[in-house]
Structure formats: structure tokens, C-alpha cells
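Colleague:
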Amino acid sequence: MSHPLLSIGAVRNGSSKTVQRFADETNAARRTAAEEVSDEEMQLDHSISQDTIKKFDKVLKTLVSLPANLKPAAFKTCMDLLGEIYAGQGITVEGVNALLNLRNNLTPSYRETVGDPGNNFAPQVEVRGAIVSLSQQSVHLERIDRAMRSLIRLQPIMFQLPNVEEEQAAIPLREITSDLTVICESLEFLKGGESTIPAFNPATWYSYGEKMVKKVPAEYLPGTDRKVGTIGYNKELRSVPVSGVEIQTQLPLSSYKISKGKNGKSNLAIDHQTMTINVVVPGKTWKHIYHRHTLKGFAGDVKAVNTFWKEDPREVFFEYFDNVLAELMLIIDRQKDLKSEFDKLEEDGIFEEPINKTGTNFFFQGTYVGTAGYNLEINLDSFAPESPEFAYAILPEDLPVNEPEAEGNAPQGNAL
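First residue of the sequence shown? That's 26 in the working numbering, and the numbers climb one at a time after it.
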């Protein structure tokens with residue numbers, strides 16, 4: 026299979042309009058159709074990012090190069106499914122550009138928006154009356170995104186498999202096969218009748234200042250709803266002292282290591298480690314959450330995105346802590362390979378990164394810090410709902426504006 030790399034990305038033409046060069050004629054026409062509806066300059070947003078797709082294309086080339094005895098059967102299944110999808114969608118470009126033009130993975134969107142996902146996964150939502158939720162297709166695309174990321178990290182090992190004893194090579198091949206199987210299962214959905222080619226839907230968007238905001242998953246309350254009419258009435262909730270929370274847990278981490286063996290072969294070993302995770306939610310963070318993300322305690326600080334807990338956030342945090350932790354780890358995994366980062370640390374070294382993202386149902390702000398010995402501390406500054414199961418949402422123009430109470434340096438939740 027050939028994989029010609031064509032010019033990719035976005036440039037500006039003589040009229041200063043941005044051109045997305047990856048787009049074939051069909052996708053360019055989708056963008057034009059959206060511009061005719063919105064009367065604005067539009068773009069095509071990838072759910073699985075261009076960066077991930079380009080890296081995954083290199084994985085495919087590596088798998089193509091493996092000898093037959095090391096090539097997982099699931100690889101051929103995935104390539105066959107992709108071929109069927111390309112044929113069904115009329116995608117005639119090849120290699121990475123075929124992947125970049127996958128119709129299901131592209132949604133026409135505004136250019137000037139609040140909350141650009143960058144190289145992170147960008148979910149697809151569907152609007153049914155007051156309910157905005159993740160589409161079934163978005164769930165499948167996100168599964169593909171995770172599996173692609175895993176395979177990208179396994180690529181350096183793939184190169185060396187021909188030099189490893191077949192018995193040892195079988196170990197990473199099982200993981201590679203597992204990831205490919207996940208991709209195959211979701212490609213079957215994209216090929217089937219329940220998949221969609223997302224069209225521009227104005228109901229998904231609202232304006233805030235000079236930018237557009239994509240609705241987050243939630244149950245949206247109109248300004249006339251009685252809940253909105255009594256928002257922030259419980260002033261006592263603002264002054265109730267709330268104690269901090271600290272939960273410690275452990276998760277396994279592992280990686281493959283290659284060393285020189287006998288008879289020209291290489292040895293493959295698995296390095297197993299245990300990571301200790303400390304999740305810290307200080308009292309000031311809970312105060313911020315009640316001021317910013319509960320209807321009764323709302324202190325009037327209106328932002329671009331305003332979501333409110335349907336239930337008490339502390340109760341949700343404890344009852345769904347396994348989900349909370351899984352989403353935090355998903356957000357971190359999208360940013361970096363933790364095992365690799367820990368392995369690079371010297372005795373007194375640290376790595377530190379901000380968190381300002383949504384996992385699946387919850388939005389988080391804060392930081393995480395890794396230190397030698399596989400210790401990870403996650404400090405949360407905000408914890409907000411982004412799912413119709415947990416969240417009400419109110420558009421900025423429907424919220425009463427009051428002078429917000431001082432909260433020190435606390436961030437503004439999922440204000441973006």
C-alpha cells in the first residue's frame with residue numbers, strides 16, 4: 026500500500042481566507058455548505074486530532090514493514106475496514122490524507138471559538154431539545170483515539186520485534202493486537218448504518234462576546250425556568266466552611282525494555298512499577314465549586330460556559346471517585362506517557378503540568394506533579410459537571426449577573 030505524504034495543514038490564500046489543504050473536494054464542499062448556513066468563515070474540526078492521525082499513519086507503515094509471522098491478523102482486518110470506508114465515502118486520496126479526510130471524524134465548526142481543543146480529542150455532540158449529549162459516534166471515535174495513542178507509544182518496540190525471540194515478541198504483539206481490535210470494532214460502527222457524517226448544526230452553538238461557544242453536554246435550562254429564577258438564593262451556602270479532601274490510591278505502570286542478547290538477538294523485558302497517586306481537593310476549591318457550580322450557591326460570576334451540579338458535588342466526588350480518577354488519568358495520558366516521564370526523572374527531579382480539560386463527564390482545573398519513585402500528586406482547583414446525567418447548563422444571557430465574591434486565586438471552573 027502506498028502512503029504518499031501530501032501537503033497538510035492550513036495556510037492563507039491571497040484573500041486572507043484560511044485553506045485547510047488536507048480537505049478533499051467533498052470535505053471542502055461540506056465546509057462551504059456550513060459557511061452558506063452560518064454566513065461566517067468556517068473550518069472542519071477533527072475529533073481525533075491531525076497530530077494523532079499523522080503519527081498513527083507512521084504506525085501503519087511500521088506494521089506494513091513487519092514480516093508475516095509478526096504481523097497481527099487484526100492489522101489486515103483494520104486495513105480492509107478502512108478500505109471499505111474510504112470506498113463507501115468516496116475518499117480517493119491515499120495514506121495519511123485518506124485518514125485526515127475520514128468524513129465521520131470531521132465536523133464543520135466556527136473558526137473564532139472559545140475553548141480550542143488543540144491536539145486533544147474533540148468530542149461530537151448531539152442536541153435533542155434541552156439535552157446535549159455525546160453522540161454514539163463520538164464514543165467510538167474516542168475509543169479509536171485511545172488505541173491509536175497506545176500504538177503510537179508502542180511503535181519504537183515494533184521496529185525491534187524482528188530482532189527479538191519469537192516467544193518474547195508475542196508479549197507486545199498481544200497488546201498491539203488488543204489495540205488494533207479496539208480500532209476494528211469501532212471502524213465497524215463507522216462503516217455501519219448508525220454512523221453519521223456530521224453536518225453544521227447552529228443549535229450546537231451560541232455567541233459569547235466576539236466568539237462562538239460549542240455547547241458542552243448538559244441539560245440546558247431556559248431563562249424562564251424556576252430554577253434560574255431562584256439561583257444563588259442560599260447565601261448561607263457561601264459561608265459554610267468546607268474541609269479539604271485527600272485520597273491516595275495506586276495504579277500499575279509498565280513499559281517494554283530492549284537489551285542486547287545472544288546470537289545477534291535482542292532481549293525484551295517488561296518493567297513493572299506501581300504509581301502512587303494522591304488526589305487533593307482543598308477547602309478553597311470546594312468553596313469555589315459551591316460558588317461557581319451550584320444553583321443555590323451561585324455567586325453571580327457569569328462566564329462563557331456555566332454548568333451546575335444536579336446533585337451535591339462532594340457526594341458525586343466520593344460516589345464516583347473511580348470515574349473521577351479514570352477521567353483524570355485519561356486527561357493526563359492525552360498529555361504525556363507517564364511511565365516514560367517517570368523513567369526520565371533523576372532523584373530530585375519533577376515534572377509538572379496544568380489540567381484544564383474535560384475527561385468524559387467531568388471538567389477539571391488544577392495541576393499534577395510527578396516526583397521520583399513513581400509518585401503523582403493531582404491538585405484540583407475546580408471540578409465541574411459536563412454531562413446531562415450530572416449537569417444543568419445555563420446560557421450566559423440567561424444568568425443574573427452579580428458582583429462575584431472574592432475567592433482568592435481560584436479559577437473560574439469550566440469558564441474557559
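Here a beta-carbon is modelled for each residue, glycine too, at the ideal position from N, C-alpha and C. The model shown is predicted, which means the values in this text are computed figures rather than measured ones.
Under 9 Å, do residue 229 and residue 150 count as touching if we go by C-beta distance?
Modeller: For the purposes of this step, residue 229 is taken as residue 204 along the sequence shown, with counting starting at 1. For the purposes of this step, residue 150 is taken as residue 125 along the sequence shown, with counting starting at 1. Cβ atoms of residue 229 and residue 150: closer than 9 Å.
Colleague: For the beta strand (DSSP E) containing residue 271, list its first residue and its last residue.
Modeller: On the sequence shown, position 246 is the one that residue 271 refers to. Counting along the chain, the beta strand (DSSP E) containing residue 271 begins and ends at 270-285.
Colleague: Considering only the alpha carbon of each residue, which of 161, 295, 113, 144 lies closest to residue 152?
Modeller: In the sequence shown, residue 152 corresponds to position 127, counting from 1. It is 161.
Colleague: Quick check on DSSP: helix, strand or coil for residue 432?
Modeller: The residue given as residue 432 occupies position 407 in the sequence shown. With a pLDDT of only 42 at residue 432, under 50, the local geometry of the prediction cannot be trusted, and no value is derived from it.
Colleague: Taking the alpha helix (DSSP H) that residue 111 belongs to, which residues open and close that run?
Modeller: Walking along the sequence shown from the start, residue 111 turns up at place 86. Following the DSSP letters along the chain, one finds residue 111 inside the alpha helix (DSSP H) bounded by residues 98-114.
Colleague: Expressed to the nearest angstrom, what Euclidean distance is found between the alpha-carbon atoms of residue 379 and residue 311?
Modeller: Counting from one through the sequence shown, the residue named residue 379 turns up at place 354. Counting from one through the sequence shown, the residue named residue 311 turns up at place 286. So the alpha carbons of these two residues sit roughly 19 Å apart.
Colleague: Kindly say whether residue 381, judged by its beta-carbon, lies nearer than 9 Å to any beta-carbon of chain E.
Modeller: Among the protein chains of the structure shown there is no chain E, as only one such chain exists.
Colleague: For residue 248 and residue 423, which I take to be in contact (beta-carbon distance under 8 Å), what is that distance rounded to the nearest angstrom?
Modeller: Residue 248 sits at position 223 when you count from the first residue of the sequence shown. Residue 423 sits at position 398 when you count from the first residue of the sequence shown. Going by Cβ atoms, the distance from residue 248 to residue 423 rounds to 3 Å, so yes, they are a contact pair.
Colleague: Does DSSP classify residue 34 as helix, strand or coil?
Modeller: As a first step, residue 34 must be located in the sequence shown, where it is residue number 9. At residue 34, the pLDDT of 40 sits below 50, so the modelled position is not reliable and the matter cannot be decided from this model.
Colleague: If you measure between the beta carbons of residue 140 and residue 409, is that distance less than 9 Å?
Modeller: Against the sequence shown, residue 140 aligns to sequence position 115. Against the sequence shown, residue 409 aligns to sequence position 384. Contact check for residue 140 against residue 409 fails: the beta carbons are separated by 9 Å or more.
Colleague: From residue 59 to residue 386, what does the alpha carbon distance come to, in whole angstroms?
Modeller: Residue 59 sits at position 34 when you count from the first residue of the sequence shown. Residue 386 sits at position 361 when you count from the first residue of the sequence shown. If you take the alpha carbons of residue 59 and residue 386, they lie about 28 Å apart.
Colleague: Would the beta-carbon of residue 133 fall within 9 Å of that of residue 224?
Modeller: Position 108 of the sequence shown, counted from the start, is the residue given in the question as residue 133. Position 199 of the sequence shown, counted from the start, is the residue given in the question as residue 224. In this structure, the beta-carbon distance from residue 133 to residue 224 falls below 9 Å.
Colleague: Using DSSP with H/G/I as helix, E/B as strand and the rest coil, what is residue 198?
Modeller: Residue 198 sits at position 173 when you count from the first residue of the sequence shown. The answer is helix: DSSP assigns residue 198 an H, G or I state.
Colleague: Looking at the structure shown, is residue 437 part of a helix, part of a strand, or coil, going by DSSP?
Modeller: Position 412 of the sequence shown holds residue 437. Any reading at residue 437 is ruled out, since the residue's pLDDT is 37, under 50, leaving its predicted position unreliable.
Colleague: Which same chain residues end up closer than 8 Å to residue 158 when comparing Cβ atoms and leaving out the 5 residues on each side of it in sequence?
Modeller: For this step, residue 158 is matched to residue 133 along the sequence shown. For residue 158, where only same-chain residues beyond five positions count, the Cβ hits under 8 Å are 150, 151, 242, 412, 413.
Colleague: Kindly indicate which residue of 81, 246, 78 has the alpha-carbon position closest to the one of residue 155.
Modeller: Reading the sequence shown from its first residue, position 130 is the one you call residue 155. Comparing Cα positions, the closest option is 246.
Colleague: Taking the Cβ atom as the reference point for each residue, do residue 267 and residue 339 lie within a distance shorter than 9 Å?
Modeller: Counted from its first residue, the sequence shown places residue 267 at position 242. Counted from its first residue, the sequence shown places residue 339 at position 314. Cβ atoms of residue 267 and residue 339: closer than 9 Å.
Colleague: Could you check the C-alpha separation between residue 205 and residue 334 for me, to the nearest Å?
Modeller: Sequence index remark: in the sequence shown, residue 205 carries index 180 (1-based). Sequence index remark: in the sequence shown, residue 334 carries index 309 (1-based). Spanning the two alpha carbons is a distance of roughly 37 Å.
Colleague: With residue 153 as the anchor, note down where its alpha helix (DSSP H) starts and where it stops.
Modeller: Translated into positions along the sequence shown, residue 153 becomes position 128. Segment 150-153 is the beta strand (DSSP E) holding residue 153; no alpha helix (DSSP H) there.
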